[in-house]
Each structure stands twice: as C-alpha cells, then as structure tokens.
Amino acid sequence: MTDKRPEMDKDSIMGAIMKGDIVGIRDARLKQIIHDIAEWARRRWTAEDSPNLVTYEIIELAYSYPKRAHDLIESMRALMQADRVVPAVILARALVETIAMGRYFIDKMEKSLADGDFSRLEAQFFRFYAGSKLGDAKIKSIHVNDALRELEATDVDYVSYLVNKYPFLWSMSGPNPSEAFKGEGSLLQTYDKLSEISHPNGLGTQYLYPAADAPDNSEVMAFYRYMTGVAIWQAHHLLAALDRMNTFPDRFVAKFPNRTGFSDDNPLRNSSG
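Read in order, the letters of the sequence shown are residues 1 to 273 in our numbering.
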C-alpha cells in the first residue's frame, strides 16, 4: 500500500541547506511526530460515530494503538528527564512493538477491505482483538515478530524514498545510503539494539549498573538516550496508516453495504462456546 509520506517543511529544508542544520530538521520532525501521536490519542470514538458494529470495533482497536504509544512516549520522556535510561529504553522497545502491531493491523484490515474479503477481514480482526498465546486459547494471537518483519520492509522502502527525495540529508552515509541504513539503522536494527538493554544480560545489568570504581559508561548511556528518540521516530509509520482510517468506515459500507455486524459463527462467539 502507498503511504501518505510524512513530509518535511520546505522552509526547514532550505534553512538546513544554508546552515547545514541536519540535526535541526531531525529534531523538528521528532517533535511533530510526538505532537501528532498525542493528537490521535485524544481522538474519541463512540458508537454514534460509526455506521455499524464492525467499523466501530475496527476503529476502536486502531485508535487504541496511538493511545498506547502516547502513554509509552510520555512515560519515556519522564524517565529520561529523571535520567533513568534503562527503564526508558525498555519502554522504547515496547513502543516499537506497539507501532509495528498497529501498522500491521491496519494494513491487514485495508488489504482485506480492498480485496472484498469479509471472511478474511473478520478472522484477522479477531486475532488482533481477542487472540492469546495461552495454550488452550481458541483464537491465536498475532506474533509481534511478524509485525516487526513486515514493518522492516516498509521502513527500508521509506528510507529509499527519503534518499531519492532529499539526497543532501544522506550525503555522509556513503555511496549506498539505503544499504548502510539497512545494516545499521533500520527498524529491526533499532529493535535489536533496544533489546540488548531490555534483556537482563551483561549489557543491561552490570555494565549499566556497575561498581563504583568501574570504567565510565557515559558514552553507552548517551547512545541509548539517542535510541529512545529513534524509537519514537518509528511512529511515523503508524501515523501514515492511521491517516487511512479516516475514510475506512465509509469505504467499508461501500464495499459491504449489507454487512452491519460480525458473522454469527465469528471466532469470538465460537471460542466462548
């Protein structure tokens, strides 16, 4: 699917060309992403806003992702202000998972709608809505790794788009910026780096909570402060998907004019007996 690409302000770009202020563009875009996620988190959705039960439930679930993302971002920022880097990084990892799952859910709903396949849409919806990993669960949940892998491909494509549109931003990344990004700065690379701290292995334990006379670790701490911002940046993928949901109810009614509710034999009803 083609995203509505998050554009950078042209005046900021021209100012950056004149000043060489690449960091200024990055920081401005990050602030915009935080603002936009907060705006989505404040949106209300009620039964009165929806033409039928199906769209009500789908939009409710879609809107829950930016609400969760906003909660995580605000908590991360509070922790960073208190110089509590490790718990902030753990939340940053959860944020990347939230972004990936939200994007994956919306993409699945959009694809099934475009194909006119209500049975698939319904089955996929209930896996996101009511799936569980518990052994006796009749509805199996979506694995976060599937969402991460899907978003990784989108992320690499998006960077290729940026490289072509704003080549001056990538002039220091070598002859093949897209490949360099894929190896060092892609979504999965971000997730893996955050996981190194989130997991209580050597790096996430004694290296960051060392003895009083241990070597200085300020460079590593500074790097992971930066990585919390990288995690927030990934929310632009969720924002692009959410923009499509503005018209989802009307498009659903046009595609399925006689469908006002879920099937009588839907997975949730079957799982409850």
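Here a beta-carbon is modelled for each residue, glycine too, at the ideal position from N, C-alpha and C.
{"query": "Hey, could you find the ends of the alpha helix (DSSP H) Ile59 is sitting in?", "result": "Leu53 to Gln81"}
{"query": "With distances taken Cα to Cα, identify the nearest neighbour of Val253 among Ala41, Tyr56, Asp27 and Arg29.", "result": "Tyr56"}
{"query": "Out of His237, Gln206, Leu95 and Ile139, point me to the one whose CA is closest to Glu152's CA.", "result": "His237"}
{"query": "Do the stretch 195-209 and the stretch 90-106 touch if we need at least three Cβ pairs shorter than 8 Å?", "result": "yes"}
{"query": "Return the residue from the list Val54, Pro51 and Ile59 that minimises the CA-CA distance to Trp45.", "result": "Ile59"}
{"query": "Check whether the stretch 79-87 and the stretch 130-144 touch, using three or more Cβ-Cβ pairs below 8 Å as the test.", "result": "no"}
{"query": "What do you reckon, is the C-beta of Gln124 under 6 Å from a heavy atom of the ligand SAH?", "result": "Summarising the ligand content, the structure contains no ligands, and the ligand SAH is consequently not present."}
{"query": "Please work out which residues of its chain come closer than 7 Å, Cβ to Cβ, to Ala69, disregarding the five sequence neighbours upstream and downstream, and give them in chain order.", "result": "Ile37, Leu95, Thr98, Ile99, Ala235 and Leu238"}
{"query": "Smallest Cα separation from Met76: which of Phe262, Asn246 and Val230?", "result": "Val230"}
{"query": "Just to confirm, is the Cβ distance from Lys193 to Met227 under 7 Å?", "result": "yes"}
{"query": "Based on the DSSP secondary-structure assignment, which residues constitute the bridge partners of Ser277?", "result": "Lying before the first or after the last residue shown, residue 277 is absent from the chain, which here runs from 1 to 273."}
{"query": "Does the beta-carbon distance from Arg120 to Ser132 come in below 7 Å?", "result": "no"}
{"query": "Name the DSSP bridge partner or partners of Lys140?", "result": "Ser132"}
{"query": "Between Trp233 and Ile33, which are expected to be in contact by the criterion C-beta below 8 Å, what is the C-beta distance as a whole number of angstroms?", "result": "6 Å"}
{"query": "Note the first and the last residue of the continuous alpha helix (DSSP H) segment covering Ala212.", "result": "Taken as a continuous stretch (DSSP letters only), Ala212 belongs to no alpha helix (DSSP H), as it is neither H nor E."}
{"query": "Hey, how far is the Cα of His143 from the Cα of Ala130?", "result": "13 Å"}
{"query": "Quick check on DSSP: helix, strand or coil for Pro257?", "result": "coil"}
{"query": "Taking the alpha-carbon positions, what's the Leu79 to Ala211 distance?", "result": "22 Å"}
{"query": "Rounded to whole angstroms, what's the CA-CA distance from Ser50 to Gly204? Just pull it up for me.", "result": "46 Å"}
{"query": "Kindly list the residues whose CB is nearer than 7 Å to the CB of Asn266, restricted to its own chain and excluding five residues on each side of it in sequence; keep chain order.", "result": "Glu122 and Phe126"}
{"query": "Whole-angstrom Cβ separation of Leu188 and Leu148, contact assumed at under 8 Å?", "result": "6 Å"}
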